[in-house]
Structure formats: C-alpha cells, structure tokens
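Residue numbers (my numbering): 3 to 952.
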C-alpha cells in the first residue's frame, strides 16, 4: 500500500504542472547577460567556454569567444547563478532579478594559495539527494591513484594506501568486516555490484564480465588472474585519475535519471577547457607513475581539446617483485559550441591498458604458477546540451557512449593429486570410452556406449596425478549506452517547476572466445562437488543484455516568505532482457525551518539493479560418472583395458530470476551558522531479491549411476550395478537479503584565521543484518563413490544470520599559509566500535530433505533422525561465530602535505598510519588467537612532484 501511495503521489506531482501553463505565460520576465573573466597578470581577460548555469531553472550555456553569455526570458525573482571552468574556483551568486541585468563573473585560479582550499569532500548543492563533491585540489592533496582512493573522504571511511595492487571496486555506506559469515561477504559483493560509476554522463558497466572459470561451483566472486570480479563492480583502476576535474558521490536516493543502480552512484566529470601542461611524477613503496595532461584552446570558434596520459607500475610487495601490475591510459576530450552557442558538446576518446602479472617464482617448485590478467580497451563518448528559448522547453541533453574491453586471463599451474575422468563430449547422456568410436556391450549384448552423431572421434580419458595445465579466458566486452532528456521549467506565482522527461537504452554483449584449454589437460575438478567437471565455453554465443528505461521527474519549489519547500519526485520504468521489468519511484524533499540556518531533509526511493550476463545466462553444469576403469589393472593386457564414462549436462538458468531492488529511506537536517555547517543524516536500506550463486532445491538432479565390471576374470562381457545419486550445482537466484541502517555526520567549521586552520569532522554509525531466504544444504558426510551417497538435508533459512556493527569518525585539521602555497592536513581516524556475530537457528535437525532416489523434497520426520538412512544428514552442531567479536577502539593518524613553489611546481607528501600503530586484540572467540587491528593499513608513504609548464 505504501508503494502504491508513493507512486501515485509522484505521478500526480510530475504531471500537475500541465494544469498551470496559462498561469506561467503571464509571468514577468527579463534577460540576464554577462561576461566571464579570468585574471592574468593582474588584468581581466574574457574567458571562453566557461559554463554558466541558473541552478534553480536547470539551464546552462557556455560563454562565447568574448566571454559573453545571455539568458533570455528569465522569470522575475530569485536567481541562483553558478559559473564553472576547468582549473578555476566555481563562482556562486544569488540575487533577485527584477529587470534586464548585465553582470560580471570573475574566476580565480584554483590553487593552494587561496584563503580556503577545498581538500575535503563538500556537500553537493546540485540536487536534493545526499551526496558529496570532491574537487581537483582534494584529489591532488590525497595523491589518489584511482577513484577508490578518494572514497576515504566519505563519512567514516578510512584512508586507503594509494597503490594498484588489487582490483579496486567502490562500495557506498559499507565497511570492512571481519565477519566470515557467507551472507555478510555476499552483502559486500552486491554493494559494489549495485554502485554505478558514471563518466561523462554514461555509466560504466561490468555486466558483460565473464572472467571466471566455473560459476556453478564457485560463483563469480573472483576473477581468474586478477581484475574485477564478475559479481562486483568495475575495476576503477582503469579510469584515468589525472584528467578528472570533480567527483560527486551520491550516497542517498539518486534521481530517476540514473538506472540500473542499487547502492548509489559516483559521477565523474573530466576536464574540459584551457589548461597549461602539467607533468606529475609519483612514487611510494609499491608504485611509481608519471602523468601528463593539458588543455589547449584552439582558434576562435574552434573549441578546446584536452589531452591526458598516464603510466604506472606497481608491485605487490617490494620483496615480491614477481607479482606486478601495469597501467597505461590515454584520453582526449574535445569541447565546443555550435549554432550561436545553443549547442554545447563534449566528445572524448579514452584508451586503457592494464595487466596483472605473476612471473614464475623460483621458490615455487610445487605449483609452478604463472599468470596474467590483461585488459585493453577504449571508450568513445559524446554528450551535449541543446538550449531552447521556449516557454516550457529549456534544453535537451543527450549522451552517446560505446566501450570495448578486451580481457585476456591466463593461468599456468602444475596440478597435483589431479587424477579424475574427463570426456570430450558436450552431449547429455553420452557414454564414451577410451577407444574413439568403438562400441562396448554388456553381458546381454546391449550397447553400453552412447556415441552421439558426429562425435565418433571423441573419447574419454583418465587424467594423470600431476600435470601442468594452461587455461585462457578471452572476453571481449562491448557496452553501448544512449540517453536523451528534455528539461522544462515554468514559474507559477511563488512556485517553481523544474521537470524533465527522458529515456535511455543500454546494451552489454561479450564477443570473446571464452574459456579455452586443452581437453587432455583440463582444470582440476572441484573436490567439494562430486563428479563435477569443466568444459570450454564460447562467450559470443551468449545473447546480448538489453535495458530500456523511461523516466520523469519534477522538482517543485515553493517560496513562503523567507522559507522554502523543495520536493524532487520522479518515477522510472526499466525493461530488461527476458521480459523482466521494474518500477522505481523516488522522492527527496527539504524545507527551511529557519531560513538560511536550519533545514530538514527526507527521502524515500526504490532502486533496481538488473542481472548481469553471468546471472542471466549461466553456463551449463557438467558431470562425469566413471562406469568402468581398468586402466590400472595389471591382470588385463594393456591393449584390452577399458575406461568408460557417462556425461550428464544440466541447464542452470533460472527462469524465475527477478530484478534486485533496494528500498532506501533517509531523514536528516542541515545546520548553518555563518560559514560552519553541520549535516546529519539517518538512513535505512533493505535489499530484496539480491543476486547470488548457490544451491537451490531444483539444482539437485537424480542420476542413475551405473558401474560395470567384467562378468569373470577371463570374460570380456560386462555386468552393471546401479545406484541412485544426486548431481548438485549452483545456480543464480534471488535469495540474498540485507538490512542496513545508520547515521552519517559531517561537520565543517569556519576557518580560524588566527591559526590559519580549518577543522572538519565526519563519521558513520552502521548496523547491518545479512541473511538468505534459501535453505541451508547439508551433505558433508556424503561419499564420493556411487554406493555411499546420502540424501541432502535442508535446514531453515534462518539457521545463520550475520550481523555487523561499526562506528568510525575522521577528524581533519587543515592548516594553510596562502602566501607560500602550503597546505598541511592532519587526520585522526577513530575506530570506536567494530563487531560482528552470527545468530544461529535450528542447525541440528533438518526441516526437510532432498531424496537421492528421485530428487524430490520431502518433509523430515524428526522421529527418524537416528535411523541409518537419515543419520548422515544430521549436522554436527558447531557455532564458531556465535560469540560476539567486539574489537576495542583505536586511532590511526595520517598526514598530507602540499607545497606550491612559485607558479610552476608542486610537491606533495603523505604518510598513512604515521605512528605505525598495530594494536593486537585477543580474540573473544578463540582465546589463543590475536587480531591485528591495523594489519590492512600498514605504515605507508609517498611523494608527488608536479610541474606546470605555461
């Protein structure tokens, strides 16, 4: 009922504006003109291609060659004007328009010589969603090497060491957990999977990622030989950091403009416009890198072009140089205006190269492991705004984006204890022997072998105990995206209506050769899944993933004297592949309680994340059953020894797979006193139908396992015995459930001029419950042979429920001396509480069981728990995580220093965990174990040298 009420309310809000058109037409209007300037050698110089926008109307344009701009037919009243340009401090001004007016906007260089430098995250003013903006100065001060590094500026987040050792995926309102409960681990994976990374108006995509060897046994939580895991988000190491002007992190309820998202959004804006050549060299114990970027203003009316390049080399540990990562990127962006500045466009090309590599280790004589994960790709993007001077229609925004990533994963390793069957067929029910195309008969003359047509040359083999296997996964991921939005504005009396209608389309496809290996040297079958085996798979045969979205949103503002009420309400409809759909209403609101001092905020929204190719089109499950193995029999001549296997193949697709949805609600307040701001937000989230790979009742299939032997020692005739067994495999499902609630706090205090220092404090309290709606399956006492298999015990879904709780704060003191361009930031991270535990339900007696005879689910009669047939499915009760692991408080201290040397050089230094704090805690669960509180955050430091060539 709540969902329907909110949906109807949003629809009514979105379309109520149509009834007010005749009133809007009577509104008095004026023209707003002006000139944008920059200061060069103390003189004002017109600034071309600066972006000037009226925030409350949602309209923007770029200045012409003379720095001029003109907004026509602007309604009388309050105007919130903002100017932006790459490398400049944004200009924000609010005034009352009551006649034609001409103004000047003067842009200052964004440097470390300003009275107030922006080296922390600031609350966004663009929309009502809870979000933070991170500017270029903050990125440089942190010495960030990837997008993941700047997330340390979010409330309660910890500073990460800026290396490139592992794949970097972004999570929002999440925390590191020591909880080894599988449900808690799944919650972390889905948080990254549901975070949308948007670059130049287009979402990046991990939907076509299939770089995993076998999902039916291990899911998609790790990628072979490095790179982003298919079950998570993209690897943000591939996004060049040197050409980013600003980053906005939406932690709350995003606009309906953003689809295929469940956790939040990270919006990346790249540099566009004139900028001198900047060359930077960076080093730390694990990494060295060099970057270059420049913005070139072309001749009159020819626009500007921005160029950037980066090369980085990273080792996991200085003493383990055989494990490394390399990155090279190049990007260019062209920006210009056409049709008398009515059309502003940005068109970009980006190239990325990344390679995780493990060279042979001379000390590794057992596995001889060698691997690499290489990713080479490019992205083409064009986006722009076409302005109109109509009564309602103000502009049309568009984005077109195409991305191609070639991923090549390679692994070579010596397999030990690898004996097992492997048949070359892909056909369900095929029975092959070690003699290609030769039929084998039983004692009654019935043919045992079943050789499918066209497979007469295929055979079965028994793998040796030790061999070196070489495996490749070739993925060629294409992602296409198109979006168009028509923006409207009208004013009725003291109310303003800013609204838009839009549509987007996204396509993800993998054209790769897929998993490749030599049949005689396949991957070792997983020991935890009896009889399971591997097969090659070609990715290009998998259908493309498509998503089409329609959305509408109204931003309603009512002025009541000095008070203001602002409501942003929208509705989004998404249609995914296989006919799956989702309706997502979202609303944010704020009201001034004390004008310009105290305001209240609130919001509610439903976010929807569609399945990736891995979930929608999983690979088939293959099993090998050895019918006869005489290969090691010395009593039979070698030329007469037989080896027979039966291959079973099962489709693992889930036709009932749903769209994952996250319900988000927020309430908070903003308190402004002078230039100080306190922002407190309480939030709650509930994820339903989260994706996972796990066993399901219908993923246990009955198999008639037939084993043959010779009728007598001297007879070639075979006799068989049959035993019922179950083939089990993981399949995609929607059984993940996560509940999360917490409080965020951000306090920014006015700079204390007497000591040239500004203080800021942020923090987060977070509580999470992770569980599943699926059964817990138990067959750990089942054997590997045909005669000692057991039923499958089904235990209630609430048998294990994981809980996490954390309270973190960060206190930053930023001291700057503008006259010498020095900025020093001291950060004290307080980890006040960090605890996890698991609540166990009935974990000793199953509620039902899957029969090995027919694969059907039957209720379990507790009176039979001691019978021989069922005793093996009684779990041995162990509750290792029942005791709450509550870690004591501790502090971590970091320092960042940036010094500008005149106007051509910048030197930066940082040290994380500067006092080398590694407190140990005696485990509450296992008294003989100790937990190092800072093991993941060792003492780390780095240096950056930047040169500006004008």
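Every residue gets a Cβ at the ideal spot worked out from N, C-alpha and C, and that includes glycine. Owing to the predicted nature of the structure, the values given are computational and were not obtained by experimental measurement.
Identify the continuous alpha helix (DSSP H) that holds residue 616 and give its terminal residues.
-> For the purposes of this step, residue 616 is identified with residue 614 of the chain shown, where counting begins at 1. Residue 616 -> alpha helix (DSSP H) spans 615-618.
Apart from the five residues on each side of it in sequence, which residues of its chain come closer than 8 Å, Cβ to Cβ, to residue 16?
-> Translated into positions along the chain shown, residue 16 becomes position 14. Low confidence applies here, because residue 16 scores a pLDDT of 45, under 50, leaving its location unreliable; read the following figure in that light. Excluding positions up to five away in sequence, the list reads 501, 554, 555, 556, 571, 572 and 573.
Which word fits residue 31, buried or exposed, when buried means at least 16 other C-beta atoms lie within 10 angstroms of its C-beta?
-> Here the question's residue 31 lines up with position 29 in the chain shown. Exposed is the call here.
Give the straight-line distance between the Cα atoms of residue 26 and residue 74, rounded to the nearest whole angstrom.
-> Stepping through the chain shown from its first residue, residue 26 is reached at position 24. Stepping through the chain shown from its first residue, residue 74 is reached at position 72. Caution applies to residue 26, whose pLDDT of 43 falls short of 50 and renders its modelled position unreliable; the model cannot decide the point.
Compute the distance between the beta-carbons of residue 346 and residue 386, then report whether it is under 8 Å.
-> What you label residue 346 is simply residue 344 of the chain shown in a count that begins at 1. What you label residue 386 is simply residue 384 of the chain shown in a count that begins at 1. Against a cut-off of 8 Å, the Cβ pair of residue 386 and residue 346 comes out as a contact.
Close Cβ partners of residue 836 (< 7 Å) along its chain, the five nearest in sequence each way excluded | Here residue 836 refers to the residue found at position 834 of the chain shown. Result list for residue 836: 808 and 889, in chain order.
Classify residue 493 as helix, strand or coil using the three-state DSSP reduction.
-> Against the chain shown, residue 493 aligns to sequence position 491. Secondary structure of residue 493 (DSSP, three-state): strand.
Write down the C-beta distance between residue 884 and residue 834 rounded to the nearest angstrom, noting that I regard them as a contact closer than 8 Å.
-> Taking the first residue of the chain shown as 1, we reach residue 884 at position 882. Taking the first residue of the chain shown as 1, we reach residue 834 at position 832. Incorrect: roughly 24 Å between the Cβ atoms, too far for contact.
By DSSP, does residue 852 sit in helix, in strand, or in coil?
-> By 1-based counting over the chain shown, the position of residue 852 is 850. Residue state, collapsed to three classes: strand.
Can the beta-carbon of residue 381 be found closer than 8 Å to that of residue 352?
-> Within the chain shown, residue 381 is the residue found at index 379, counting from 1. Within the chain shown, residue 352 is the residue found at index 350, counting from 1. In this structure, residue 352 lies closer than 8 Å to residue 381 by Cβ.
Counted within 10 angstroms of its Cβ, other Cβ atoms place residue 66 as buried (16 or more) or exposed = For the purposes of this step, residue 66 is taken as the residue at position 64 of the chain shown. Buried, by the Cβ-count rule.
Pairwise C-alpha distance: residue 505 and residue 485 | Your numbering for residue 485 matches position 483 in the chain shown. Your numbering for residue 505 matches position 503 in the chain shown. So the two alpha carbons sit approximately 6 Å from each other.
Is residue 662 buried or exposed, if buried means 16 or more other CB atoms sit within 10 Å of its CB?
-> Sequence index remark: in the chain shown, residue 662 carries index 660 (1-based). Its Cβ being crowded by 16 or more others within 10 Å, residue 662 is buried.
Minimum length 3: unbroken beta strand (DSSP E) runs contained in the segment 835-912 | Listed in chain order, the complete beta strand (DSSP E) runs (minimum 3 residues) inside the segment 835-912 are 850-852, 859-861, 887-889 and 892-903.
Measure the C-alpha to C-alpha separation of residue 52 and residue 250 and round it to an integer number of angstroms.
-> Residue 52 sits at position 50 when you count from the first residue of the chain shown. Residue 250 sits at position 248 when you count from the first residue of the chain shown. Whole-angstrom Cα-Cα distance: 20 Å.
Just how far apart, CA to CA, sit residue 688 and residue 538?
-> Taking the chain shown and counting its residues from 1, the one referred to as residue 688 is at position 686. Taking the chain shown and counting its residues from 1, the one referred to as residue 538 is at position 536. One C-alpha to the other measures close to 38 Å.
Establish whether the CB of residue 217 and some CB of chain D are separated by less than 8 Å.
-> The structure shown contains no chain D; it holds only a single protein chain.
For residue 680, I'd like the list of residues in its chain whose CB is within less than 7 Å of its CB, leaving aside the five on either flank, ordered along the chain.
-> Taking the first residue of the chain shown as position 1, residue 680 is located at position 678. Excluding residues within five positions, the ones whose Cβ falls inside 7 Å are 673 and 749.
Touch check for the segment 362-377 and the segment 89-102: three-plus C-beta pairs under 8 Å?
-> no
To the nearest whole angstrom, what separates the beta carbons of residue 626 and residue 649, a pair I think is in contact under 8 Å?
-> Start at 1 with the first residue of the chain shown, and residue 626 comes out as number 624. Start at 1 with the first residue of the chain shown, and residue 649 comes out as number 647. With a Cβ gap of about 6 Å, residue 626 and residue 649 count as contacting.
Cα-Cα separation, residue 816 to residue 38 = In the chain shown, residue 816 corresponds to position 814, counting from 1. In the chain shown, residue 38 corresponds to position 36, counting from 1. Using only the alpha carbons, I get a separation of about 31 Å.
For residue 616 versus residue 232, is the C-beta spacing smaller than 8 Å?
-> In the chain shown, the residue the question calls residue 616 occupies position 614. In the chain shown, the residue the question calls residue 232 occupies position 230. Yes, the pair counts as a contact, with Cβ atoms nearer than the cut-off.
Complete runs of the beta strand (DSSP E) confined to the segment 729-796 [at least 3 residues] | 733-750, 759-774 and 778-780
Paired residues, beta bridge with residue 630 - DSSP | The residue given as residue 630 occupies position 628 in the chain shown. In the DSSP secondary-structure assignment, residue 630 is bridged to 646.
Under 8 Å by Cβ, that's how I've got residue 478 and residue 356 pegged, so tell me the actual separation to the nearest angstrom.
-> Sequence index remark: in the chain shown, residue 478 carries index 476 (1-based). Sequence index remark: in the chain shown, residue 356 carries index 354 (1-based). Between residue 356 and residue 478 the Cβ distance is about 15 Å, and since that is not below 8 Å, they are no contact.
Residue 707: which of 854, 586 and 832 sits nearest, CA to CA?
-> Counting from 1 along the chain shown, the entry for residue 707 is found at position 705. That would be 854, whose Cα lies nearest to the Cα of residue 707.
Where does residue 423 land, buried or exposed, given buried means 16+ other C-beta within 10 angstroms?
-> Looking up residue 423 in the chain shown gives position 421. Within 10 angstroms of the beta-carbon of residue 423 lie 16 or more other beta-carbons, which makes it buried.
Using the DSSP secondary-structure output, state which residues sit across from residue 562 in a beta bridge.
-> Along the chain shown, one-based indexing puts residue 562 at 560. Residue 562 is bridged to 565.
According to DSSP, is residue 931 helix, strand or coil?
-> Along the chain shown, one-based indexing puts residue 931 at 929. Here residue 931 sits in coil by DSSP.
Under a three-way DSSP split, which group does residue 599 fall into?
-> Sequence index remark: in the chain shown, residue 599 carries index 597 (1-based). The three-state secondary structure of residue 599, taken from DSSP, is coil.
To the nearest whole angstrom, what separates the beta carbons of residue 670 and residue 682, a pair I think is in contact under 8 Å?
-> Translated into positions along the chain shown, residue 670 becomes position 668. Translated into positions along the chain shown, residue 682 becomes position 680. Residue 670 to residue 682, Cβ: 5 Å. Contact.
Span of the beta strand (DSSP E), counted from its first residue to its last, around residue 272 | Taking the chain shown and counting its residues from 1, one reaches residue 272 at position 270. Per DSSP, the continuous beta strand (DSSP E) segment holding residue 272 begins and ends at 266-272.
Inside the segment 340-379 only - beta strand (DSSP E) runs reaching at least 3 residues | Fully enclosed beta strand (DSSP E) runs of 3 or longer: 345-360.
Any idea what DSSP makes of residue 113, helix, strand or coil?
-> By one-based count along the chain shown, residue 113 stands at place 111. In this structure, residue 113 counts as coil in the three-state DSSP scheme.
Could you give the distance in angstroms between the alpha-carbon of residue 99 and the alpha-carbon of residue 612?
-> For this step, residue 99 is matched to residue 97 along the chain shown. For this step, residue 612 is matched to residue 610 along the chain shown. In a straight line, the C-alpha of residue 99 is about 46 Å away from that of residue 612.
Quick one: residues in its chain with C-beta nearer than 7 Å to the C-beta of residue 886, no 5 flanking neighbours on either side, listed in chain order?
-> Locating residue 886 in the chain shown gives position 884, counting from the first residue. Once the five neighbours on either side are set aside, the close Cβ partners of residue 886 are 837, 839 and 926.
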